[in-house]
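With the sequence shown counted from 1, adding 8 to any position gets you my numbering.
Glycine included, every Cβ here is placed at the ideal spot set by N, Cα and C.
Some notes on the structure that comes next.
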Amino acid sequence: GAFVCLFAVGIYLPCMALRIDERQLYPPNGSVPYSAKPLVESMAIPDLLKTDISIFSCTSWLLREMGNGEANSFFSLVMFGFCVIVLTTTDVLLLFLAAKRLFQKQDTPLRDQGPCPFYPWAKIVRKLSMLDVSIMGVYVITFCMGIYKKQGIVVSTREGLLVLILAEVAHSLLYWLVSGAVEAQQEEAERAQYEYKMAAVEDGSPVDGSPMKRALDIACCNFQRFLGARAAALPWAPATATGG
Numbered sequence: 009g010a011f012v013c014l015f016a017v018g019i020y021l022p023c024m025a026l027r028i029d030e031r032q033l034y035p036p037n038g039s040v041p042y043s044a045k046p047l048v049e050s051m052a053i054p055d056l057l058k059t060d061i062s063i064f065s066c067t068s069w070l071l072r073e074m075g076n077g078e079a080n081s082f083f084s085l086v087m088f089g090f091c092v093i094v095l096t097t098t099d100v101l102l103l104f105l106a107a108k109r110l111f112q113k114q115d116t117p118l119r120d121q122g123p124c125p126f127y128p129w130a131k132i133v134r135k136l137s138m139l140d141v142s143i144m145g146v147y148v149i150t151f152c153m154g155i156y157k158k159q160g161i162v163v164s165t166r167e168g169l170l171v172l173i174l175a176e177v178a179h180s181l182l183y184w185l186v187s188g189a190v191e192a193q194q195e196e197a198e199r200a201q202y203e204y205k206m207a208a209v210e211d212g213s214p215v216d217g218s219p220m221k222r223a224l225d226i227a228c229c230n231f232q233r234f235l236g237a238r239a240a241a242l243p244w245a246p247a248t249a250t251g252g
């Protein structure tokens, strides 16, 4: 719930902004003479270049450019829209399904609990989701663009980036909690299945699995007993104490 709210708000809020500082356009930092100041002010350059960028606006722009035949926009849309938005949301959905299945299997005996079908996919999708990478990319861009601040070009981060950071923190916490619970449950289930099958083989009762699997389990157990009996009959085997 926390991730859905934070992520939905974060993709609409601006993450990065472009501003023009008119004071830096004139000497001693800028190259625009003071005589051109009335012309610059009449053109309203800061208002024309004022831009706030969000994930939603960026994705919408890429879609429009792709419709105009821009091939690079297609690859950008795949890397940004698909890997950042779709895969991150899909990973959280898979983690939710894995947690729901874990809760529903609480009353089922451990030996009857199979592996979770959602968790392996969640591990793969998490490695492909790039929300954390995009957040770091925004910080890197704003840091590198700081060299143009003296020329009046100011690129800065906005409040949407903080919301996306909180969403990624919620995503990471959800992954750690669900992965720890699912892996612990799978280890306990495998141990319970192993103990149940070994006890069934030793008692001679049928065990779960195919007839071939049951035959192999029984054959292995009998072969181990045979080896133990043959080893006890060897001349150098230690003699057992007898009563009387």
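In whole angstroms, what separates the C-alpha of Q32 from that of K131? 49 Å
Length of the line joining the Cα atoms of T59 and L101: 33 Å
Which one or two residues does DSSP pair with T165 in a beta bridge? M24
Using C-beta distances below 8 Å, list every residue in its chain close to L21, excluding the 5 sequence neighbours before and after it, in chain order. S62, R166, E167, G168, V171
Considering D29, what are the terminal residues of the beta strand (DSSP E) in which it resides? Per DSSP, D29 belongs to no beta strand (DSSP E) and is neither H nor E.
By Cβ distance below 8 Å, which residues in the same chain neighbour L242 in space, the five residues on each side in sequence not counted? For L242, the predicted structure reports a pLDDT of 49, less than 50, and the residue's modelled location is therefore unreliable. A value from the coordinates is still provided. For L242, where only same-chain residues beyond five positions count, there are no Cβ hits under 8 Å.
For D60, the residue or residues it bridges with in DSSP: A25
Three-way DSSP call (helix, strand, coil) for F126 in this model: coil
In angstroms, rounded to a whole number, what distance separates the CA positions of L185 and Q201? 24 Å
Distance, Cα to Cα, F11 vs R199? 34 Å
State the DSSP-derived secondary structure class of M220, mapped to helix, strand or coil. In this prediction, M220 has a pLDDT of 49, which is less than 50 and means its spatial position is unreliable; what the coordinates show is noted afterwards. Three-state DSSP puts M220 in a helix.
Same chain only: Cβ atoms within 6 Å of V92, ignoring 5 sequence neighbours per side: M138, L139, S142
What residue range is occupied by the uninterrupted alpha helix (DSSP H) comprising P35? Run containing P35: none; DSSP gives neither H nor E here.
Is the beta carbon of I28 sitting closer than 8 Å to the one on P54? yes
In the DSSP assignment, find the alpha helix (DSSP H) that holds Y147 and state where it starts and stops. 139-152
Take the Cβ of D115 as the centre, count every other Cβ of all protein chains shown within 10 Å, and call the residue buried at 16 or more, exposed below. exposed
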